[in-house]
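Worksheet: one structure, shown below.
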Amino acid sequence: MVNSIFRDPPSLIAYSVVLFMFNWKLTLIIFLLAPVSALILSKIGNSLKRSSTKSQEKISDITSTLDETLGAIRVVKAFGMEDYEKKKFEKENDNYFNLLVRLTRKRALGSPISEFIGVITIVIILYFFGAEIIQGNSNMTPGAFIFYLAIFFQMMPSLKLFGQMFNSYKEGTAAAERVFGLLDTKASIVDSPNAIELKEFRSSIEFRDASFKYYKSDYILKDINLKIDKGNIIAIVGPSGAGKSTLVDLIPRFYDLTEGNLFFDGKNIKDLKIESLRRLMGIVTQETILFNDTIRNNIAYGESDISIEQITEASKAANAHKFISLIEKGYDTIIGDRGVKLSGGERQRLSIARALLKNPPILILDEATSSLDTESEILVQQAIERLMHGRTSIVIAHRLSTIQNADMIVVLEKGKIVETGTHQQLLHTRGLYKKLYDLQFRHQESIV
Ligand code: ATP
98 MVNSIFRDPP SLIAYSVVLF MFNWKLTLII FLLAPVSALI LSKIGNSLKR SSTKSQEKIS
158 DITSTLDETL GAIRVVKAFG MEDYEKKKFE KENDNYFNLL VRLTRKRALG SPISEFIGVI
218 TIVIILYFFG AEIIQGNSNM TPGAFIFYLA IFFQMMPSLK LFGQMFNSYK EGTAAAERVF
278 GLLDTKASIV DSPNAIELKE FRSSIEFRDA SFKYYKSDYI LKDINLKIDK GNIIAIVGPS
338 GAGKSTLVDL IPRFYDLTEG NLFFDGKNIK DLKIESLRRL MGIVTQETIL FNDTIRNNIA
398 YGESDISIEQ ITEASKAANA HKFISLIEKG YDTIIGDRGV KLSGGERQRL SIARALLKNP
458 PILILDEATS SLDTESEILV QQAIERLMHG RTSIVIAHRL STIQNADMIV VLEKGKIVET
518 GTHQQLLHTR GLYKKLYDLQ FRHQESIV
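Counted from 1, the sequence shown has number 426 at position 329 by this note's numbering; the numbering is strictly sequential.
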């Protein structure tokens with residue numbers, strides 16, 4: 098009702114003038130009833146507004162949870178936290194659903210009430226004036242009275258309200274169909290029926306004649322043959338878009354190979370239980386994803402009964418303890434969009450602490466490219482060296498110290514391995530590695 102008054106004032110004024118001209122007494126009575134109905138409707142409106150605000154806040158919570166979780170999907174999967182994240186999401190979703198039911202109930206109430214007021218008004222008109230006209234006591238003819246009623250009906254905004262409600266209902270069902278369609282999408286990477294548990298990592302990871310393309314893409318990796326022995330550090334280097342991230346994403350089986358095979362201790366990755374495979378891996382990515390939670394929970398992510406001593410120990414090894422202690426609430430500080438913002442180097446060190454705590458035998462590390470100041474760089478570098486110690490590490494390397502320490506450097510170009518060897522060997526070869534070294538790594542010599 099209020100809406101239409103603002104939307105079409107000219108027609109409303111015109112209708113009112115006509116009504117007054119026809120019968121000013123009757124119109125005055127109707128106009129006096131208007132504030133009463135407006136009051137009732139505004140009460141419903143206010144309560145509707147409160148519920149609507151709450152529901153908007155809730156949807157923003159859900160979006161931020163989703164955003165965090167999807168942005169951190171590698172971390173979620175690597176820590177085997179899919180069920181935990183699903184429950185977190187379901188809880189948020191349930192709350193939202195309940196709010197939405199309340200909101201819809203109020204919205205639905207708005208229309209019958211305004212209809213009811215409309216009907217009461219018509220009853221009054223018919224009762225007092227209809228009788229007068231039939232008895233011939235009024236100066237209004239029956240035809241004019243019908244015309245009067247017709248104009249009055251034109252002003253009934255509840256019809257519009259009905260239309261709006263029908264539209265929202267339609268919008269809602271369309272959106273729901275899309276959401277349910279998405280929810281019904283099956284994950285393409287699942288355990289095979291007789292998948293076996295990989296209890297430990299004993300000897301090697303091996304790509305054999307492996308090729309890969311994304312859905313509808315060209316080949317991103319072609320004929321990869323690579324053996325990674327236990328305990329070694331493998332540095333992967335190559336120009337942007339060469340396929341480095343894609344190659345390391347195949348190891349936790351985020352994607353399946355298009356052709357060829359990938360073996361863990363001689364067993365085909367497709368025959369292994371995905372959860373058992375990922376339990377053996379720690380993944381520290383460029384995005385250094387952290388959740389909107391306390392520092393403590395961010396480090397302990399995936400481990401429920403972990404003591405503060407263990408968290409402190411991991412943080413010390415990751416060079417993070419000092420800066421955490423300097424924040425007012427220490428390990429209980431909330432980070433992320435609702436709490437303290439951390440610098441790039443601090444975030445990296447927290448995700449290193451998280452990986453140290455998980456203590457996996459295999460480490461997949463995508464070294465950050467973001468430039469840190471020298472002090473922060475040294476702290477991160479030390480933390481990474483501690484993290485790699487005693488593990489099989491596959492590193493997308495951006496640090497000179499990492500490639501110098503690597504047992505093998507794999508040089509990728511356009512999806513193919515073009516060179517392998519140690520730093521010294523490859524410098525002598527004077528191939529692509531030498532060029533990359535001159536371009537990317539040499540300038541870091543001052544801080545190593
Ligand atoms: P950078 O050093 O810039 O991170 P990279 O060597 O890690 O690059 P990848 O991220 O593996 O390279 O990407 C290799 C190619 O695959 C790129 O051409 C990229 O556009 C493409 N690619 C990456 N992810 C997808 C995807 N999900 N779907 C389709 N193509 C993709």
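No residue lacks a Cβ here, since even glycine has one placed at the ideal position from N, Cα and C.
Within its chain, find whatever has a CB closer than 6 Å to the CB of residue i; leave out the 5 residues flanking it on each side and keep chain order.
| i | result |
| --- | --- |
| T499 | A332 and V492 |
| F546 | Residue coverage of the chain in this structure runs from 98 to 545, which leaves residue 546 outside it and unanswerable. |
| K267 | Its pLDDT being 46, under 50, K267 is placed unreliably in this model, and the value from its coordinates should be taken loosely. Around K267: no qualifying Cβ. |
| I366 | R350 and L359 |
| S373 | E294 and L295 |
Leaving aside the five residues before and after residue i along the sequence, list all residues of the same chain whose C-beta is less than 7 Å from its C-beta, in chain order.
| i | result |
| --- | --- |
| F538 | L497 and I500 |
| I330 | M485, S490, V492, N502, A503 and D504 |
| K513 | K319 and D320 |
| D315 | none |
| F420 | E443 |
| V173 | T166, E179 and E182 |
| Q407 | L454 |
| A411 | I396, A450, L453 and L454 |
Hey, out of the options, whose CA is closest to residue i's CA?
| i | options | result |
| --- | --- | --- |
| L123 | G227, T201, D315 and A205 | G227 |
| K426 | K327, T391 and S440 | T391 |
| R444 | N456, I408, K455 and F388 | F388 |
| L295 | I321, N395 and K364 | K364 |
| K606 | E464, T218, R171 and T162 | With the chain represented from 98 up to 545, any question about residue 606 goes unanswered, as that position is not in the structure. |
| G442 | I159, Y112, I424 and T471 | T471 |
| I506 | V515, T519, I514 and I286 | T519 |
| S301 | K327, P290 and Y311 | K327 |
| G528 | G168, Q521 and E516 | E516 |
| R376 | A175, L136, I421 and Y112 | A175 |
| T201 | S285, L536 and K151 | K151 |
| A480 | E229, H418 and N236 | H418 |
| M252 | F242, L109 and D288 | L109 |
| I126 | S412, P458, F249 and L369 | F249 |
| E400 | R171, G177, G168 and V114 | G177 |
| P563 | Q521, Q522 and K511 | With the chain covering only 98 through 545, there is no way to say anything about residue 563. |
Measure the CB-CB distance between residue i and residue j and report whether it falls below 8 Å.
| i | j | result |
| --- | --- | --- |
| R483 | A414 | yes |
| I449 | V345 | no |
| K341 | L509 | yes |
| T489 | L460 | yes |
| N395 | I432 | yes |
| L454 | N416 | no |
| D306 | N322 | yes |
| L354 | F298 | no |
| G379 | A465 | no |
| F119 | Y245 | yes |
| G357 | F304 | yes |
| T218 | L130 | yes |
| K532 | L524 | no |
Where does residue i sit, in a helix, a strand or coil, going by DSSP?
| i | result |
| --- | --- |
| R204 | helix |
| E472 | helix |
| L447 | helix |
| L129 | helix |
| E406 | helix |
| N395 | helix |
| I461 | strand |
| H525 | helix |
| K324 | strand |
| I110 | helix |
| D535 | helix |
| V287 | coil |
| K310 | strand |
| M505 | strand |
| N195 | helix |
| N190 | helix |
| G227 | helix |
| I348 | coil |
| G240 | helix |
| R376 | helix |
| T355 | coil |
| F176 | coil |
| F388 | coil |
| L295 | coil |
| G233 | coil |
| K319 | strand |
| S490 | strand |
Leaving aside the five residues before and after residue i along the sequence, list all residues of the same chain whose C-beta is less than 8 Å from its C-beta, in chain order.
| i | result |
| --- | --- |
| F186 | I159, T162, L163 and T166 |
| K155 | E189, N192, Y193 and L196 |
| N264 | Any reading at N264 needs caution, since the residue's pLDDT is 41, under 50, leaving its predicted position unreliable; the model's value is listed next. Once the five neighbours on either side are set aside, N264 has no close Cβ partner at all. |
| A494 | A332, I333, V334, E464, I500, A503 and I506 |
Exercise for the section: Let me have the residue list for the ligand SAM: C-beta closer than 6 Å to any non-hydrogen atom, ordered along the chain. Expected result: Because the ligand SAM does not appear in the structure shown, any question about it cannot be addressed here, the ligands present being the ligand ATP.
Handout entry: In chain order, each alpha helix (DSSP H) run of at least 4 residues that lies wholly inside the segment 409-441
Key = 418-423
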